[in-house]
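I have placed the structure first, in the form of C-alpha coordinates, so that the comments after it can refer back to it.
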Amino acid sequence: MTAESIPASGDDSTGRPQARRSRGDRQREAIVTAVRELLEEHSFADLSVSTISERAGVARSGFYFYFDSKYAVLAVILADAMEELAALTHDYAPREAGETPAAFAERMVGSAAAVFATNDPIMAACTVAQNTDAQIRDLMNDFEDAVIDKIVGLVEQDEGARPISDDLPALVRTLVATTAMTLSHDSAFVGRSADPARALDVVERLWLNALWGGQQE
(Lines of atoms letter the chains of each structure in order from A and count residues from 1; the text may use other names and numbers.)
(Lines give C-alpha, C1' and ligand atoms only; values in the text may rest on other atoms or scores of the structure.)
Protein backbone atom coordinates (compact mmCIF):
# COMPACT_ATOMS: atom_id res chain seq x y z
CA MET A 1 0.00 0.00 0.00
CA THR A 2 1.24 3.48 -0.78
CA ALA A 3 0.25 6.97 0.23
CA GLU A 4 -1.32 7.47 -3.18
CA SER A 5 -3.69 4.54 -2.55
CA ILE A 6 -5.34 6.21 0.45
CA PRO A 7 -8.88 7.23 -0.52
CA ALA A 8 -9.40 10.93 -0.89
CA SER A 9 -12.91 10.77 0.54
CA GLY A 10 -14.54 9.14 3.53
CA ASP A 11 -13.98 11.79 6.23
CA ASP A 12 -16.22 11.25 9.23
CA SER A 13 -17.86 14.09 11.16
CA THR A 14 -14.84 14.40 13.44
CA GLY A 15 -12.46 14.84 10.53
CA ARG A 16 -10.17 12.10 11.83
CA PRO A 17 -9.31 10.62 8.38
CA GLN A 18 -8.45 14.12 7.17
CA ALA A 19 -6.11 14.52 10.15
CA ARG A 20 -4.41 11.24 9.33
CA ARG A 21 -3.89 12.39 5.75
CA SER A 22 -2.41 15.67 6.90
CA ARG A 23 -0.02 13.90 9.25
CA GLY A 24 0.90 11.55 6.42
CA ASP A 25 1.60 14.47 4.11
CA ARG A 26 3.92 15.93 6.73
CA GLN A 27 5.77 12.63 7.12
CA ARG A 28 6.15 12.23 3.38
CA GLU A 29 7.52 15.76 3.08
CA ALA A 30 9.87 15.11 6.01
CA ILE A 31 11.34 12.15 4.13
CA VAL A 32 11.90 14.22 0.99
CA THR A 33 13.45 17.01 3.05
CA ALA A 34 15.69 14.51 4.84
CA VAL A 35 17.09 13.24 1.54
CA ARG A 36 17.74 16.80 0.39
CA GLU A 37 19.60 17.57 3.63
CA LEU A 38 21.58 14.33 3.68
CA LEU A 39 22.78 14.85 0.12
CA GLU A 40 24.57 17.95 1.36
CA GLU A 41 26.60 15.69 3.65
CA HIS A 42 26.86 12.34 1.85
CA SER A 43 26.76 10.81 -1.61
CA PHE A 44 23.49 9.19 -2.62
CA ALA A 45 25.21 5.81 -2.69
CA ASP A 46 26.00 6.16 1.02
CA LEU A 47 22.41 6.91 2.03
CA SER A 48 20.40 4.09 3.58
CA VAL A 49 16.69 3.93 4.29
CA SER A 50 17.51 3.74 8.00
CA THR A 51 19.57 6.93 7.83
CA ILE A 52 16.86 8.74 5.88
CA SER A 53 14.14 7.56 8.26
CA GLU A 54 16.13 8.64 11.31
CA ARG A 55 16.73 12.11 9.88
CA ALA A 56 13.06 12.43 8.90
CA GLY A 57 11.87 11.29 12.32
CA VAL A 58 9.77 8.44 10.96
CA ALA A 59 9.92 4.70 11.46
CA ARG A 60 11.57 2.57 8.78
CA SER A 61 8.16 1.00 8.14
CA GLY A 62 6.79 4.52 7.74
CA PHE A 63 9.31 5.19 5.00
CA TYR A 64 8.14 2.15 3.05
CA PHE A 65 4.52 3.24 3.45
CA TYR A 66 5.28 6.21 1.20
CA PHE A 67 8.22 5.09 -0.91
CA ASP A 68 9.41 1.79 -2.36
CA SER A 69 13.07 2.79 -2.10
CA LYS A 70 15.38 5.76 -1.75
CA TYR A 71 15.29 6.04 -5.53
CA ALA A 72 11.57 6.75 -5.36
CA VAL A 73 12.32 9.76 -3.16
CA LEU A 74 14.89 10.94 -5.65
CA ALA A 75 12.31 10.59 -8.42
CA VAL A 76 9.99 12.94 -6.50
CA ILE A 77 12.78 15.50 -6.13
CA LEU A 78 13.60 15.31 -9.84
CA ALA A 79 9.91 15.66 -10.71
CA ASP A 80 9.78 18.81 -8.58
CA ALA A 81 12.83 20.12 -10.43
CA MET A 82 11.11 19.38 -13.74
CA GLU A 83 8.07 21.38 -12.65
CA GLU A 84 10.29 24.24 -11.55
CA LEU A 85 12.08 24.30 -14.90
CA ALA A 86 8.75 24.28 -16.72
CA ALA A 87 7.56 27.23 -14.63
CA LEU A 88 10.73 29.24 -15.21
CA THR A 89 10.54 28.69 -18.97
CA HIS A 90 6.80 29.41 -19.02
CA ASP A 91 6.20 25.75 -19.89
CA TYR A 92 8.88 25.90 -22.58
CA ALA A 93 7.15 28.72 -24.41
CA PRO A 94 8.55 29.55 -27.88
CA ARG A 95 10.69 32.63 -28.38
CA GLU A 96 8.52 35.63 -27.69
CA ALA A 97 7.90 38.45 -30.15
CA GLY A 98 10.82 40.83 -29.88
CA GLU A 99 12.94 38.33 -27.94
CA THR A 100 16.28 37.90 -29.68
CA PRO A 101 17.88 34.48 -30.11
CA ALA A 102 20.63 35.61 -27.72
CA ALA A 103 18.07 36.58 -25.08
CA PHE A 104 16.22 33.31 -25.58
CA ALA A 105 19.41 31.27 -25.19
CA GLU A 106 20.25 33.22 -22.05
CA ARG A 107 16.75 32.63 -20.67
CA MET A 108 16.84 28.88 -21.28
CA VAL A 109 20.33 28.35 -19.88
CA GLY A 110 19.57 30.74 -17.02
CA SER A 111 16.45 28.78 -16.14
CA ALA A 112 18.43 25.55 -16.03
CA ALA A 113 21.05 27.24 -13.85
CA ALA A 114 18.34 28.42 -11.45
CA VAL A 115 16.96 24.89 -11.13
CA PHE A 116 20.42 23.50 -10.43
CA ALA A 117 21.03 26.24 -7.85
CA THR A 118 17.70 25.69 -6.10
CA ASN A 119 18.20 21.94 -5.99
CA ASP A 120 21.92 21.97 -5.24
CA PRO A 121 23.52 19.57 -4.54
CA ILE A 122 20.85 17.10 -5.71
CA MET A 123 21.00 17.89 -9.42
CA ALA A 124 24.78 18.05 -9.48
CA ALA A 125 25.08 14.81 -7.51
CA CYS A 126 22.63 13.01 -9.80
CA THR A 127 24.34 14.28 -12.94
CA VAL A 128 27.65 12.85 -11.75
CA ALA A 129 26.24 9.67 -10.16
CA GLN A 130 24.41 8.60 -13.31
CA ASN A 131 27.74 7.50 -14.74
CA THR A 132 28.03 4.72 -12.16
CA ASP A 133 24.48 4.12 -10.90
CA ALA A 134 22.04 2.55 -13.37
CA GLN A 135 18.91 3.52 -11.44
CA ILE A 136 19.94 7.15 -11.18
CA ARG A 137 20.86 7.06 -14.86
CA ASP A 138 17.34 5.88 -15.71
CA LEU A 139 15.81 8.66 -13.60
CA MET A 140 18.04 11.31 -15.15
CA ASN A 141 17.40 9.96 -18.65
CA ASP A 142 13.65 10.30 -18.07
CA PHE A 143 14.18 13.86 -16.84
CA GLU A 144 16.44 14.78 -19.74
CA ASP A 145 14.24 13.11 -22.37
CA ALA A 146 11.27 15.20 -21.24
CA VAL A 147 13.33 18.40 -21.41
CA ILE A 148 14.76 17.51 -24.82
CA ASP A 149 11.33 16.77 -26.29
CA LYS A 150 10.05 20.15 -25.10
CA ILE A 151 13.01 22.08 -26.48
CA VAL A 152 12.92 20.27 -29.83
CA GLY A 153 9.26 21.21 -30.12
CA LEU A 154 9.81 24.90 -29.48
CA VAL A 155 12.82 25.12 -31.82
CA GLU A 156 10.75 23.51 -34.57
CA GLN A 157 8.18 26.28 -34.09
CA ASP A 158 10.82 29.02 -34.35
CA GLU A 159 10.93 30.35 -37.91
CA GLY A 160 14.25 32.03 -37.22
CA ALA A 161 16.01 28.86 -36.06
CA ARG A 162 19.06 27.80 -38.06
CA PRO A 163 20.19 24.52 -36.47
CA ILE A 164 23.63 23.30 -37.49
CA SER A 165 22.30 19.74 -37.88
CA ASP A 166 19.21 18.24 -39.46
CA ASP A 167 19.14 15.79 -36.55
CA LEU A 168 17.58 18.24 -34.13
CA PRO A 169 16.93 15.75 -31.28
CA ALA A 170 20.59 14.67 -31.29
CA LEU A 171 21.73 18.29 -31.41
CA VAL A 172 19.53 19.34 -28.51
CA ARG A 173 20.55 16.27 -26.51
CA THR A 174 24.20 17.26 -26.88
CA LEU A 175 23.43 20.81 -25.78
CA VAL A 176 21.37 19.64 -22.79
CA ALA A 177 24.08 17.20 -21.69
CA THR A 178 26.79 19.84 -22.01
CA THR A 179 24.67 22.29 -20.02
CA ALA A 180 24.01 19.75 -17.26
CA MET A 181 27.66 18.77 -16.88
CA THR A 182 28.69 22.43 -16.82
CA LEU A 183 26.08 23.30 -14.19
CA SER A 184 27.20 20.34 -12.09
CA HIS A 185 30.69 21.94 -12.12
CA ASP A 186 32.30 18.86 -13.60
CA SER A 187 35.99 19.73 -13.86
CA ALA A 188 36.12 18.44 -17.44
CA PHE A 189 33.75 21.27 -18.38
CA VAL A 190 34.62 24.08 -15.96
CA GLY A 191 38.24 23.29 -15.03
CA ARG A 192 39.62 22.64 -11.58
CA SER A 193 39.83 26.20 -10.35
CA ALA A 194 38.18 28.31 -13.04
CA ASP A 195 35.09 30.45 -12.51
CA PRO A 196 32.06 28.33 -13.56
CA ALA A 197 30.41 31.49 -14.89
CA ARG A 198 32.98 31.58 -17.69
CA ALA A 199 31.99 28.09 -18.82
CA LEU A 200 28.31 28.98 -18.56
CA ASP A 201 28.84 31.95 -20.86
CA VAL A 202 30.36 29.57 -23.41
CA VAL A 203 27.37 27.25 -23.04
CA GLU A 204 25.00 30.10 -23.87
CA ARG A 205 27.04 30.82 -26.98
CA LEU A 206 26.90 27.14 -27.94
CA TRP A 207 23.10 27.23 -27.80
CA LEU A 208 22.99 30.44 -29.82
CA ASN A 209 25.35 29.23 -32.53
CA ALA A 210 24.04 25.66 -32.69
CA LEU A 211 20.37 26.59 -33.00
CA TRP A 212 20.37 30.08 -34.53
CA GLY A 213 23.65 30.24 -36.42
CA GLY A 214 24.98 32.85 -34.03
CA GLN A 215 22.20 35.35 -34.77
CA GLN A 216 22.17 37.98 -32.04
CA GLU A 217 19.00 39.72 -33.20
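If you count by UniProt numbering, then the sequence shown holds residues 1 to 217, one letter each, in order. Even for Gly, the Cβ is constructed at its ideal location relative to N, Cα and C. Keep in mind the model is a prediction, meaning the values are calculated, not measured.
Alpha carbon to alpha carbon, how far is D142 from F65? Give it in angstroms, no decimals.
So the alpha carbons of these two residues sit roughly 24 Å apart.
Please report the residue range of the alpha helix (DSSP H) in which D133 lies.
Segment: none, D133 is in no alpha helix (DSSP H) and carries neither H nor E.
Can you tell which of T174, M181, G160 has the C-alpha that lies nearest to the C-alpha of W212?
G160
Under three-state DSSP, which class holds Q215?
Reduced to three states, the DSSP call for Q215 is coil.
What is the rounded straight-line gap between the Cα of R95 and the Cα of L154?
8 Å
Whole runs of the alpha helix (DSSP H) within the stretch 167-199, excluding any shorter than 4 residues:
168-183, 187-190
Sequence-distant residues of its chain with Cβ nearer than 6 Å to A87 (five each side left out)
none
Nearest-angstrom Cα separation, counted from V109 out to P163:
17 Å
Those runs of the alpha helix (DSSP H) which lie wholly inside the UniProt DNA-binding region "H-T-H motif" (48-67) and span at least 4 residues
49-56, 60-66
So, does the stretch 32-48 touch the stretch 128-138, judging by three or more C-beta pairs under 8 Å?
yes
C-alpha distance - A183 paired with S50, whole-angstrom precision:
Before going on, a small fix: residue 183 reads as Leu here, not Ala. Computed Cα separation, rounded: 31 Å.
Rounded Cβ spacing between I136 and P169 (contact assumed at less than 8 Å):
About 23 Å separates the two Cβ atoms, so there is no contact after all.
Indicate the three-state DSSP secondary structure (helix, strand or coil) for N119 in the structure shown.
coil
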